[in-house]
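Here the structure is laid out as structure tokens; the discussion comes afterwards.
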Amino acid sequence: MECFAEGLGLPLDTFTVGTVSPPGCDDSQDVLRLLHYHSTVGKRFGPNFWRAGAHADFDVLTMREGGLEVCPGRKVVGDFGMGAEWLPVEARADRIVCNIGDQLMRWSDDRLKSTYHRVRLTENSGPRYSMAFFNQARTDVVIQGPNKKYPPIPNSVMPDSAARGEHTTSLIIANVVGFAVGVIKSVEKSDAKVSVEKTDGKGGKTTKAAERRDGRARVR
Ligand SMILES: O=C(O)CCC(=O)C(=O)O
Ligand SMILES: [Fe+2]
């Protein structure tokens, strides 16, 4: 956390003081989540089922052991990573994967981008176990970047502040509405391709198969 602060030109303890409660102080919002995804053996799913759909975490930094896919460098609001390049991050016992969350993105005036990630649903695979530690801002910490790009977000100090509402709304848009728009766009794109029909040169339609963007042929 100190490296992030140093890189941003902030006091070194900005994120450590901002996220780690001192002894005896009960204002931590950190979460350790133990996840169990059920086995998919013998079950059938459609193409758009995910163990965890594309999203960015709400926190400052998430640490987990891998086994997911990341889409680095995307902005939170936008095309929502649909059709973008996803990179697998393998689970390895000797590595911890750190994902930047939306709070750190805001705290850095958007210089550090929160990481889109998702977990594939692989058919006929056993259960998946994952352990993620979500490092979050303490309840009374004010989140504002060094260049004051956005108004400060107080946590419990002013829970109804407009900035907090605006930030939450933008996250909901990015994670829910943005996702829905992304799905619609992707369906539109694939439908546009699929509806291309070849003719036999005599006015008749012969082929109703079209190449989809993912390379698989679909025949109607
Ligand atoms: O299962 C995982 O490792 C990812 C879960 C996740 O992204 C989340 O809980 O925010
Ligand atoms: Fe996540």
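So for the sequence shown, the UniProt record's numbering puts the first residue at 1; every next one is plus one.
The beta carbon of each residue, even a glycine, is placed where N, CA and C say it ideally should be.
Could you please give me the residues that DSSP links to residue i through a beta bridge?
i: residue 88; result: 69
i: residue 116; result: 71
How should residue i be labelled, buried or exposed, when 16 other C-beta atoms within 10 angstroms of its C-beta is the threshold for buried?
i: residue 193; result: With a pLDDT of 40 at residue 193, under the threshold of 50, the modelled position of this residue cannot be trusted, and the question is left open.
i: residue 129; result: exposed
i: residue 45; result: exposed
i: residue 117; result: buried
i: residue 48; result: exposed
i: residue 55; result: buried
i: residue 114; result: buried
i: residue 153; result: buried
i: residue 95; result: exposed
i: residue 57; result: buried
i: residue 70; result: buried
Would you mind working out which of the options sits nearest residue i, comparing C-alpha positions?
i: residue 121; options: 140, 16, 58 and 43; result: 43
i: residue 91; options: 106, 107, 66 and 152; result: 66
i: residue 18; options: 145, 151 and 150; result: 145
i: residue 148; options: 87, 105 and 4; result: 105
i: residue 60; options: 107, 126 and 25; result: 107
i: residue 136; options: 123, 12 and 102; result: 102
i: residue 100; options: 124, 85 and 133; result: 133
i: residue 109; options: 41, 26 and 10; result: 10
i: residue 140; options: 123, 50, 27 and 34; result: 27
i: residue 20; options: 33, 64, 63 and 1; result: 1
i: residue 64; options: 150, 143, 131 and 142; result: 131
i: residue 8; options: 138, 119, 142 and 111; result: 111
i: residue 35; options: 143, 89, 29 and 127; result: 127
i: residue 123; options: 142, 24, 88 and 51; result: 51
i: residue 39; options: 93, 125, 151 and 87; result: 125
Helix, strand or coil, according to DSSP, for residue i in the structure here?
i: residue 10; result: coil
i: residue 134; result: strand
i: residue 1; result: coil
i: residue 16; result: helix
i: residue 104; result: helix
i: residue 269; result: No answer is possible for residue 269: it lies beyond the span of the chain, which begins at 1 and ends at 220.
i: residue 53; result: strand
i: residue 33; result: strand
i: residue 99; result: strand
i: residue 129; result: strand
Looking at ligand 2, does it come within less than 7 Å of residue i, judged from the CB to the closest heavy atom?
i: residue 55; result: yes
i: residue 52; result: yes
i: residue 36; result: no
Is it the case that the CB of residue i approaches a heavy atom of ligand 1 more closely than 7 Å?
i: residue 130; result: yes
i: residue 120; result: no
i: residue 64; result: yes
i: residue 92; result: no
i: residue 33; result: yes
i: residue 126; result: no
i: residue 68; result: yes
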